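There are 4 protein chains.
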Amino acid sequence: MLENVNEKCAVVGIFNHKDASKLAYFGLHALQHRGQEAAGISSGDGKKLHTIKDRGLVSQVFNNDILENTLVGDMAIGHTRYSTAGDDSILDAQPVHANYDLGQLSIVHNGNLINANEVRNELIQKGAIFQSSMDTENLIHLIAKSNQRKLKDRIIDAVHKIKGAYSLVFLSRSKMFAMRDPNGFRPLSLGRVGEGYVVASETCAFDLIGAEYMREVEPGEMLIFEKDKAPQSIKVFEAEPKHCIFEYVYFARPDSNVFGQNVYKNRKQMGIELAKEHPVEADMIVPVPDGGIPSAIGYSQESGIPFEMGIMRNHYIGRTFIEPTQEMRDLKVKMKLSPITSLIKGKKIIVIDDSIVRGTTSRRIIRMLKEAGAEEVHMRISSPPTTDPCFYGVDTPDKDKLIAANMSNQEICEYIEADSLAYLSTDALMRSVDGEASSYCTACFTGDYIL
Amino acid sequence: MLENVNEKCAVVGIFNHKDASKLAYFGLHALQHRGQEAAGISSGDGKKLHTIKDRGLVSQVFNNDILENTLVGDMAIGHTRYSTAGDDSILDAQPVHANYDLGQLSIVHNGNLINANEVRNELIQKGAIFQSSMDTENLIHLIAKSNQRKLKDRIIDAVHKIKGAYSLVFLSRSKMFAMRDPNGFRPLSLGRVGEGYVVASETCAFDLIGAEYMREVEPGEMLIFEKDKAPQSIKVFEAEPKHCIFEYVYFARPDSNVFGQNVYKNRKQMGIELAKEHPVEADMIVPVPDGGIPSAIGYSQESGIPFEMGIMRNHYIGRTFIEPTQEMRDLKVKMKLSPITSLIKGKKIIVIDDSIVRGTTSRRIIRMLKEAGAEEVHMRISSPPTTDPCFYGVDTPDKDKLIAANMSNQEICEYIEADSLAYLSTDALMRSVDGEASSYCTACFTGDYIL
Amino acid sequence: MLENVNEKCAVVGIFNHKDASKLAYFGLHALQHRGQEAAGISSGDGKKLHTIKDRGLVSQVFNNDILENTLVGDMAIGHTRYSTAGDDSILDAQPVHANYDLGQLSIVHNGNLINANEVRNELIQKGAIFQSSMDTENLIHLIAKSNQRKLKDRIIDAVHKIKGAYSLVFLSRSKMFAMRDPNGFRPLSLGRVGEGYVVASETCAFDLIGAEYMREVEPGEMLIFEKDKAPQSIKVFEAEPKHCIFEYVYFARPDSNVFGQNVYKNRKQMGIELAKEHPVEADMIVPVPDGGIPSAIGYSQESGIPFEMGIMRNHYIGRTFIEPTQEMRDLKVKMKLSPITSLIKGKKIIVIDDSIVRGTTSRRIIRMLKEAGAEEVHMRISSPPTTDPCFYGVDTPDKDKLIAANMSNQEICEYIEADSLAYLSTDALMRSVDGEASSYCTACFTGDYIL
Amino acid sequence: MLENVNEKCAVVGIFNHKDASKLAYFGLHALQHRGQEAAGISSGDGKKLHTIKDRGLVSQVFNNDILENTLVGDMAIGHTRYSTAGDDSILDAQPVHANYDLGQLSIVHNGNLINANEVRNELIQKGAIFQSSMDTENLIHLIAKSNQRKLKDRIIDAVHKIKGAYSLVFLSRSKMFAMRDPNGFRPLSLGRVGEGYVVASETCAFDLIGAEYMREVEPGEMLIFEKDKAPQSIKVFEAEPKHCIFEYVYFARPDSNVFGQNVYKNRKQMGIELAKEHPVEADMIVPVPDGGIPSAIGYSQESGIPFEMGIMRNHYIGRTFIEPTQEMRDLKVKMKLSPITSLIKGKKIIVIDDSIVRGTTSRRIIRMLKEAGAEEVHMRISSPPTTDPCFYGVDTPDKDKLIAANMSNQEICEYIEADSLAYLSTDALMRSVDGEASSYCTACFTGDYIL
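Protein chains in written order, with the working numbering: chain E, 92 to 542; chain U, 92 to 542; chain S, 92 to 542; chain V, 92 to 542.
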């Protein structure tokens, strides 16, 4: 799967480090795969918060001057976003920053609230105004309206009024807070960097900035970072883990740990399970790069069929707006992917991909392989059929666009023009990862929504 | 005066015209001299408001696609802004747009509130959050919090709580409102365009879009624009006109009418009065372009001394960031202005400028003329000494930076190295414009603040 | 005249100054009105020449780093160009730089060769290759092919083979050469800057960089600049001056001296002569800015009719690509120019412009004034009818596009919808400038081509 | 090897296809890995050649408008270039275009001439001028100066005067020529597209545009493409193949065929040979992506040790100019590559790379793996030690910068901090590819320069 599904964002927070905004910058850099359309950082110098955000890649929004002279201070939170098209999208970049009765506050949010509209309407009825279309604005209002005196208690108040998926980081004048929903849908890890602390959506951010992984922020836990103190932990909700299994299947970087487990290892194990469940005779295993590589390696090791990089990915593409000529069919896929013809020609191939969303890309890939001379193409998917949209922070198409929600396995196989097609079962998927099956959200495969 | 003082913005509103956002665009284009750092337009199609705003010139922020496909509808309001540096300035572009209990609302504002901080603090105490540093955000909050049922009444409520200078245009789902403070500090005119209406800070916007001038929006008046109705006028406050005299002296375009009078004519009359009050023998009258041209023409016609464009203004400059060499003194002024040496050499010159703020530019100009061989340079200023900062929407330096607040006439004359210096008297200034002296704000010359 | 006719370029040369490339940069800045589409500088450090050139304004092509670190050395030549559209135009920027048998050579050229094609064809027949469509490339080939041993003699050889208009500056490893055609069509002045020398198309370049005017480079003269020597002058051709009269009429900056005379003074004198030749009763004189200002002042002083800036020019325009609505007629002119309606209304106006090329702009301006209520509009042009294209370096339209070549005075008057129209006579134009009439090229008015 | 060595360019030619310039565009797109700094296309419409070239990626230099409206005609040649820094580099983009006695000619060149300076000096002595520093300019001069009457014969004349590596494509008004040096150093393949023909540096260009591979252009062969004729072949030189072995080791895309063989297959075979020659016990094989992947697969299949993607490559990097903090060691490598820590920890690893140039990147990678907990890191290189610079079109550092030219195997092993290091032998490298060992240039490994 090369397109169609997008994580909506990533968050990072740095506390007590003299280069806080730079560390936030590099952290976002490592998390860029979770959102490429907008980026922002708020920093705090003990007196004032400073915020810069804009459309574009992390490397386009910031420069040395901004990081060193504007985003000063030893605390910083950052966000990178996959922004949906539409009016005014510039205002939908994060952090969301506001002045309220306790002073200044900035928030970054990874996830999606399912009662956002209700909360928003209720707040509006009470006189609040909303300047963006972001869920996150709700949080600031709830905090501003809380009767509690301390920010900590107001945050607790506020999160009791929202439902959904959230990994949040707050920055006030002197403190940083990290908070995760009771189900822990989206990941959030805690680390040490120098004398300070870092929280981030994935541990690959830690590796780049030289931070040391400590542990997960627990589902339902709030961490309070305060000067000259160890982070204080408050169990705001009882944890009922429902980790997003799609983080392992597709989103997270293979070198990251999320929910305490390594992504590459889990993804490879999915390939091993896939080989057990859906063996087929073939000359070689070929991954759809880059997503299908670890599971293809697993499938190969389990099946003994050789792994080959039979499809290469072109990384110099840039964006092209040139209209193709009539002869150039499937140009969009061919610009990104190309088959090693002389390897594939006359061969029976097992193609491994992480998922099928609409089916159009899979069809183009299989056609391309057949045109290159592949004798048979067997499609193996390292996750169950994606039948249901996500409401917890993943940007999936509507149900009527999801091919597996509308066609049988056999019909999909015909549509994508494969010689055979098989998906990993939900059980096998669960065997590929640590922990209880019940501790994962698999709604996109099962329709069993937790909330 | 070439720099140092800036109008903070301009507003435009279009109602009931199928090309509303394009008319707003060209209107802002004509008003670009009032603010070059950010621009924005909200349009309404009867169902929804659409907003695009960003840093940059009007021509940089918008393109055909945005105007035709995003900013759809037959109503539009626009803003162009001189933005002060600082964090987050992107959020300080207007229109300010919000969802609130009556639906959607966009506001543009020209002026400055003097009780903005009090209002803001009070609102914050009641649970409001502020996401920008703009006065304008107050308005939306006050409207959202009003107990009135109709937007019209809420606006009335809101403007009773604010003090200062404001020419406002509001856009709701189906109506447009224009509102001016009781003193009418900043200008706002009403016109017809096709079957619809236009309001704008200056009438030069009408000329470009082919609109017809109707009248001023009166101080304290609210105009309500509603489909299939003539604009409804509500006298919200008794008018106590205190028009900004500096609009005539410097800001407004010579081809505009503001406060019902033509700027060029008034400005030329100032030159005539200046010649009467402060005659001096000389070979020629030379304006500091472009500001000083109309009054120099007036001075010449009254005095009989020939008018000459002895200083030319260079319009191809672009921004240059090249550091000059040691020999290049006063490069910044010389890049913009250059003397016609062979005209000036050996001559006695009266130089006419509209005002002196810090004095540094005047000094550079006079030095440049002396270096070009001028025998005498007599400085004549077509307004009184600028002694006090403005709190009603003009971006003047602090009092300690205003040369006339800190030096005597004689001292200034010596500082700027002129052979003589004279300012227009306040009385003569008042004679140059129509209406009672009491109907103008002259606080920048007198320190008599109205509010 | 606001458009349609363009000077093709400007040149500058700096010799023996440690900031040579910076001085060249600022010199080009002052000469930007002669060409805005491409710019380039070659510098020499005694060992090697360095060249940077690109499309764009001078301020866009160069930055501090380029000027300080790439364009090193104490000699520099520069060029700014009005480039015609077409393939490969990037290669048509100057300086033209080449390696040849005597080493390295860079050339900048203002003017146009009339035997360029013949020379080029002859060179090509002898085995030369041409990589651009610039006349200037001929020069380098002629120099490279000369049998002379010294560059000085080769340049003399080369210029004997070309015909046309040329103000040239050459840079070799250790010397700079300036050379002007025997007719001196295009201007070139010599000045001192610090311990070094400067040559430039107009003296406004001297003023900006703090250089002192010495004299004109004479028609047919070559100047050789060599370390530790005064510039050596060689009379390559007998001077037969035929200075381009259009430099005074339109091109050159009013503050410049060209051909030894001040532009503003001459232009004003044209207005005086125009008033004598073509008086008409009116309420005011209004220039088409900026070109018509000096002659309008002259006309006013001679006629006693008041000068007014009845049309203002808008300087914030930027480029807009927004398509106007149907109601917006003549938008292109209105974006640039706007009438002071309340000044003009009901008045008889004399409009002064420097020339009429196609007539379309004049018509738009007069319509605009009539719509603003002018009772009568009398057009007075401070030069004779432009009937013939220029082949000596001015980019005029073909003869069939020149309105005065195809219509009688009366027809033009009707076409532009003026109440009367009169042009300055050639005799009167000659009286407006110093020197013999025979020392000017007036081919664009008379069709009497010198070559 | 991630950096340090660069192919200098790629060429493409399209003949007799109505979308010639578009096909050239997409061909260059596929060849973008061979040069990212400048790109250009010349097209021919039977009457005239049109050229557009500039700095930047292929997708940045061209747009639809240029391809459809400027680069018209049914013939086109293109070039993408790795340009060396320096003055004037914009002029060093190709195609080189010139007018000469037979009309117009454009040339693109992949390779490097070893007698370029001699030829250039000789040409300069005869009066030629050189406007760039490109070898390619020599060709046009030699052709222009040839006494032959036909272009075909002039090209033959010209290539007899040059020595070195060249795959050339020429475009004249009505014909296209492809020519390869007698040693065939650089690749050039021939294909059919629609009714027309294509030549390109690698066959991946054919795949993208839907062309069909026909055969190699032979070493020493010239192909003449003429309307309504099959391509005419002329054996200009006796073929003495000396194909660049580094094309297989590193440059060419795995999905390409060059010199008639598939790159992936050859590269994988190098891994197999490497496993035979230099086995070592380990837990896993890890490639340095992307270059080391095929040989790592080969090594794994031969050795039976599992292949793992233990290092991932980050593709969202963009360029960052942010200075790292002190803690961030080896940031440059870490931005691009990151280890799968939980996979590597405590493991014995064989790392496969294609080559070592300076050694610094290898050292950083090994340190990164050790920091991630690798117990042992054994470096295996799928080519012999790079001891000698290339003079035939590859941009290698000087000999004193090549680590293998200055250190023993043992010293390199210590320098890069590996537990063991082994290179593929030249013999084994030759066994990995088809054809006689003598038909390859291995000068970079042996110092045996052919010319």
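All C-beta atoms, glycine included, are put in the ideal place defined by N, C-alpha and C.
This structure is a prediction, so every number in the text was calculated from the model and none was measured.
Distance between beta carbons of residue j and residue i, contact taken as under 8 Å
i	j	result
P475 of chain V	T517 of chain V	5 Å
Y191 of chain S	I215 of chain V	6 Å
A513 of chain E	H369 of chain E	4 Å
I388 of chain E	M400 of chain V	7 Å
I413 of chain U	N155 of chain S	6 Å
Short CB-CB distance (under 7 Å) between residue i and chain U
i	result
N87 of chain E	Here chain E has residues from 92 to 542 only, and residue 87 of chain E is not among them.
Q501 of chain E	no
E338 of chain E	no
V524 of chain S	no
Test: residue i CB closer than 7 Å to a CB of chain E
i	result
M403 of chain V	yes
A130 of chain U	no
Partner residues on chain V for residue i, Cβ-Cβ distance less than 9 Å
i	result
F398 of chain E	I388, S391, Q392, F398
Three-state class that DSSP yields for residue i in the structure shown
i	result
P380 of chain V	coil
G538 of chain S	coil
G504 of chain E	Note that residue 504 of chain E corresponds to Cys in the displayed sequence, not to Gly. Three-state DSSP puts C504 of chain E in a helix.
A101 of chain S	strand
E312 of chain S	strand
T608 of chain S	Residue 608 of chain S falls outside the range modelled here, since chain S spans only 92 to 542, and no answer is possible.
H369 of chain S	coil
Listed by chain order, chain S residues near residue i by CB distance under 7 Å
i	result
Q191 of chain V	Looking at the sequence shown, residue 191 of chain V is not Gln but Tyr. In chain order: I215, I220.
Beta-carbon neighbours of residue i, restricted to chain E and to distances below 8 Å
i	result
M419 of chain V	F117, L299, I300, G301
Proximal residues of chain S, C-beta to C-beta of residue i below 8 Å
i	result
A519 of chain V	Neighbours of A519 of chain V on chain S: none; closest Cβ ~46 Å, over 8 Å.
Neighbour flag for residue i against chain S, beta carbons, 7 Å
i	result
K236 of chain V	yes
P345 of chain U	yes
K367 of chain U	no
Residue i: CB within 6 Å of a non-hydrogen atom of the ligand MG
i	result
Y288 of chain V	The ligand MG is absent from the structure shown, which contains no ligands of any kind.
Beta-carbon neighbours of residue i, restricted to chain U and to distances below 7 Å
i	result
I231 of chain E	I220
CB contact check: residue i to chain V, cutoff 7 Å
i	result
P380 of chain E	no
Proximal chain V residues relative to residue i, where beta-carbon distance stays under 7 Å
i	result
E414 of chain E	N155
Taking beta-carbon pairs under 8 Å, can you tell me which members of the stretch 433-451 of chain E lie near chain V? S433, L434
Name the residues in the stretch 454-472 of chain V whose C-beta lies less than 8 Å from a C-beta of chain E; which are they? none
Tell me which residues of the stretch 102-116 of chain S have at least one Cβ-Cβ distance to chain U shorter than 9 Å, keeping chain order. H108, K109, D110, K113, L114, Y116
Residues in the stretch 347-358 of chain U with C-beta within 8 Å of chain S's C-beta atoms, listed in sequence order? N348, N353, Y355, K356
Residues within the stretch 140-157 of chain V neighbouring chain E, beta-carbon criterion of under 8 Å: L148, V149, S150, Q151, F153, N154, N155
Could you run through the stretch 275-290 of chain U and flag, in chain order, every residue whose CB is less than 7 Å away from some CB of chain S? G285
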